[in-house]
Amino acid sequence: MAKATQVGRRITEIIEILFELASTVLRPAFYILDPVGAAATDLGALMGSRAAIFGMELSHDTVKAAELLTAMNRLPESYQDALRLASDPSALAAAMKAGGCPQSIIDDALKNNPFRNLTPNQIVDKYWNADKGTWNWPEHSGFADGKYTTSTSLPPGTHLDRIGYPGGKFLGTQGDSYGQRALAPGSAAGGYHTYEPGPNPLPSGWQIRHGKIGEVFDHGGGGTQWVFIDKSGEEVPVDTLIKMGVLTDTTKR
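Going left to right, the sequence shown walks through residues 1289 to 1541 as this note's numbering numbers them.
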């Protein structure tokens, strides 16, 4: 009985250590890995292989979380969640589903994810522009070879959409896949929105540019993007176009 009590007390102590270490997942990995492994070994000896496996999984997840934090700290706060989603395809899919994205777009985001084999720090190294404090956006506003068509109105029956907040400026074409849109890493925040031409015309001197999306962020591109330009040459946010009646939000919630 005394031996059983001692074993139980030791198990309790080890579990407390593991929980204490788990609570520090957002600390640097260099002083988390070894203690977790040691505690897991002790617990495995007392409780068998299941506990050892649990300890190894906890150790692995702890190190991954610590590495993600290190990479996130290299970015402004407004970009950190996108990095988290880019690093975790299942989290990206969940965020897209919660935002109302069509299942076909979600499936393509999982199937053709260029970031799935990269660590968070590798994503930052490859796609982040530290000098500009943003992603490495392509030249020519993302139009393939800088080519686009201009018009002063949307063709009848045009169905546009956007993955992201309405405060953004670029629109996609409904039916284009995730990869065809060549979105920045982890793009999902802000939900999925659909649009059609509104009742009001463009102001004088404004134009619409649309054309093929170029390859960027290791996406193949090939979809069609749209952006509205005011008479000063500036890109106009989508929510401004809605307020003007140039676009109608047809998003179903």
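Think of the CB as a built atom: it goes at the ideal place given N, C-alpha and C, for glycine as much as any other residue.
(1) In the DSSP assignment, what are the bridge partners of HIS1481?
(2) Let me make sure I understand the geometry here. Which of VAL1534, LYS1352, ASN1400 has the alpha-carbon closest to that of GLY1474?
(3) Pull up the distance between the alpha-carbon of LEU1346 and that of GLY1445, whole angstroms please.
(4) Can you grab the Cα-Cα spacing for the pair PHE1516 / ILE1496, in whole Å?
(5) So, for PRO1426: in the same chain, excluding its five sequence neighbours on each side, which residues have a beta-carbon less than 7 Å away from its beta-carbon?
(6) Any idea if ALA1359 is buried or exposed, counting beta-carbon neighbours within 10 angstroms, 16 or more meaning buried?
(7) Apply the 10 Å Cβ neighbour rule to ALA1418 and answer buried if 16 or more other Cβ atoms are within range, or exposed otherwise.
(8) Tell me which residue opens and which closes the beta strand (DSSP E) that ASP1537 is part of.
(9) So, for ALA1542: in the same chain, excluding its five sequence neighbours on each side, which residues have a beta-carbon less than 8 Å away from its beta-carbon?
(10) Should the stretch 1515 to 1530 be called in touch with the stretch 1461 to 1475, which here means at least 3 C-beta pairs below 8 Å?
(11) For ASN1409, name the three-state secondary structure that DSSP assigns.
(12) Give the DSSP-derived three-state secondary structure of ARG1497 in the structure shown.
(13) Just mark TYR1453 as buried or exposed, buried being the case when its beta carbon has 16 or more other beta carbons within 10 Å.
(14) Checking the sheet assignment: what are the DSSP bridge partners for VAL1526?
According to the data block:
(1) As a working note, residue 1481 is residue 193 in the sequence shown. For HIS1481, the pairing in a beta bridge is given by DSSP as ARG1450.
(2) The sequence position of residue 1474 within the sequence shown is 186, counting from 1. Looking at the Cα atoms, ASN1400 is the closest of the given residues.
(3) Here residue 1346 refers to the residue found at position 58 of the sequence shown. Here residue 1445 refers to the residue found at position 157 of the sequence shown. Because LEU1346 sits at a pLDDT of 49, beneath the cut-off of 50, its placement in the model cannot be relied upon, and the point is left open.
(4) On the sequence shown, residue 1516 is found 228 positions in, with the first residue counted as 1. On the sequence shown, residue 1496 is found 208 positions in, with the first residue counted as 1. Approximately 5 Å, taken between the alpha carbons.
(5) Within the sequence shown, numbered from 1, the residue matching residue 1426 stands at position 138. If we look at PRO1426 and ignore the five residues flanking it on each side, its Cβ neighbours are GLY1502, VAL1504.
(6) Taking the sequence shown and counting its residues from 1, the one referred to as residue 1359 is at position 71. Buried.
(7) To locate residue 1418, count along the sequence shown from 1; it is residue 130. Label assigned to ALA1418: exposed.
(8) As a working mapping, residue 1537 is identified with position 249 in the sequence shown. Where ASP1537 is concerned, the enclosing beta strand (DSSP E) starts and stops at 1535 to 1537.
(9) Residue 1542 is absent from the structure shown; the chain starts at 1289 and stops at 1541.
(10) Contact between the stretch 1515 to 1530 and the stretch 1461 to 1475 is absent, because fewer than three Cβ pairs lie under 8 Å.
(11) The sequence position of residue 1409 within the sequence shown is 121, counting from 1. Correct three-state label for ASN1409: helix.
(12) Indexing the sequence shown from 1 puts residue 1497 at position 209. The answer is strand: DSSP assigns ARG1497 an E or B state.
(13) Working through the sequence shown from its first residue, we reach residue 1453 at position 165. Burial is judged here by how many other beta carbons sit within 10 angstroms of a residue's own beta carbon; TYR1453 has fewer than 16 and is exposed.
(14) The residue you call residue 1526 lines up with position 238 of the sequence shown. Answer is none; VAL1526 lacks a bridge partner.
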